[in-house]
Amino acid sequence: MTGLPRPFYLRPAKTVARDILGCVLVSRIGRTVTAGRIVETEAYLGPDDAASHAAFRPSSRELFYGDGGRAYVYRIYGMHWCLNAITGKAGTPGCVLIRAVEPVVGAPAMARRRGVAATARELTNGPGKLTEALAITGGENGADLTDGRLVITALDTPRDFAIASGPRIGITRAVDVPLRFWIRDNVWVSRRA
DNA sequence: TAGCTGATTGACT
DNA sequence: GTCAATCAGCTAA
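The structure is reproduced here in structure tokens:
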């Protein structure tokens, strides 16, 4: 399984965050293939972005400062995993947080992992929810997103959707910077603002 | 070593 | 609307 090519990720986080909307996150982790269309993202920049782990989490630096196209998976609040795509060329730190996806393949398997109905929006409409649905854990930290068990691919369908933007959610620093992007009117976008 | 924080979620009033 | 769960990684000492 091949995903979006490396150069796609070697651009500013803000650009990648917008362009990656509508693309499909494919997980071949575990026995069943599961996949979801990315409908909501947030961009995190370098040390100048106070909300970015690049600014206050030294242990993430090796990934942040490396070439884009790799996964950055970390535990939050001691119980949930969050998935990011590292962006930018080596030396220019940045990443894109995948906040919500729309189930495309393997909804029954996601439902089993999540413990909710296969049609429920709670399946994947949040950063901690989609990682559980797609069986993404810390084991995927550093994984290559262009080729492997976890990849992001482009759809052949036209990008005929509107992109909305606003402040990022859930953070305590740099609260007002509008670096959150989502597909307007998509019901799988996470609530709570 | 001890204490604190957090890019969340789900249960409860 | 409020709040607890639960821990890696940070800081202070």
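Residue numbers for the first sequence, in this note's numbering: 411 to 603.
All residues carry an ideal CB built from backbone N, CA and C; glycine is no exception.
Model, not experiment: these values are computed from the prediction.
Item: What does DSSP give as the partner residues of residue 496 in its beta bridges?; Value: 505
Item: Using the Cα positions of residue 412 and residue 556, report the straight-line distance between them to the nearest angstrom.; Value: 6 Å
Item: From the DSSP output, in three-state form, read off residue 470 for me.; Value: helix
Item: Out of 509, 547, 552, 572, state which residue places its alpha-carbon closest to the alpha-carbon of residue 532.; Value: 509
Item: With DSSP as the reference, please indicate the residues paired to residue 442 in a beta bridge.; Value: Bridge partners of residue 442: none, in fact.
Item: Between the alpha carbons of residue 354 and residue 581, how many angstroms are there, rounded?; Value: Because the chain here runs from 411 to 603, residue 354 falls outside it and cannot be looked at.
Item: Pick from 559, 538, 472: whose alpha carbon is nearest that of residue 444?; Value: 559
Item: Does residue 484 come out as helix, strand or coil in the three-state DSSP assignment?; Value: strand
Item: I'd like the span of the beta strand (DSSP E) that includes residue 591, first residue to last.; Value: 590 to 593
Item: Contact check, residue 391 vs residue 554 under 8 Å by CB: the rounded distance?; Value: Not covered by the structure: residue 391. The range shown for the chain is 411 to 603.
Item: Determine contact between the segment 463 to 477 and the segment 430 to 443, defined as no fewer than three beta-carbon pairs at a distance below 8 Å.; Value: no
Item: Any chance the segment 486 to 505 sits against the segment 419 to 427, with 3 or more Cβ pairs inside 8 Å?; Value: yes
Item: Check whether the Cβ atoms of residue 511 and residue 534 sit closer than 8 Å, and answer yes or no.; Value: yes
Item: In terms of alpha-carbon separation, which member of 600, 593, 583, 446 lies closest to residue 458?; Value: 583
Item: DSSP beta-bridge partners for residue 598?; Value: Its beta-bridge partners do not exist; DSSP assigns none.
Item: State the start and end residues of the unbroken beta strand (DSSP E) segment that holds residue 547.; Value: Element bounds for residue 547: n/a, residue is neither H nor E.
Item: Where do the ends of the alpha helix (DSSP H) carrying residue 426 lie?; Value: 423 to 429
Item: The beta strand (DSSP E) with residue 574 in it runs from where to where?; Value: 573 to 576
Item: What's the gap between the Cα of residue 456 and the Cα of residue 588?; Value: 15 Å
Item: Measuring CA to CA, which of 593, 495, 471, 549 is closest to residue 569?; Value: 593
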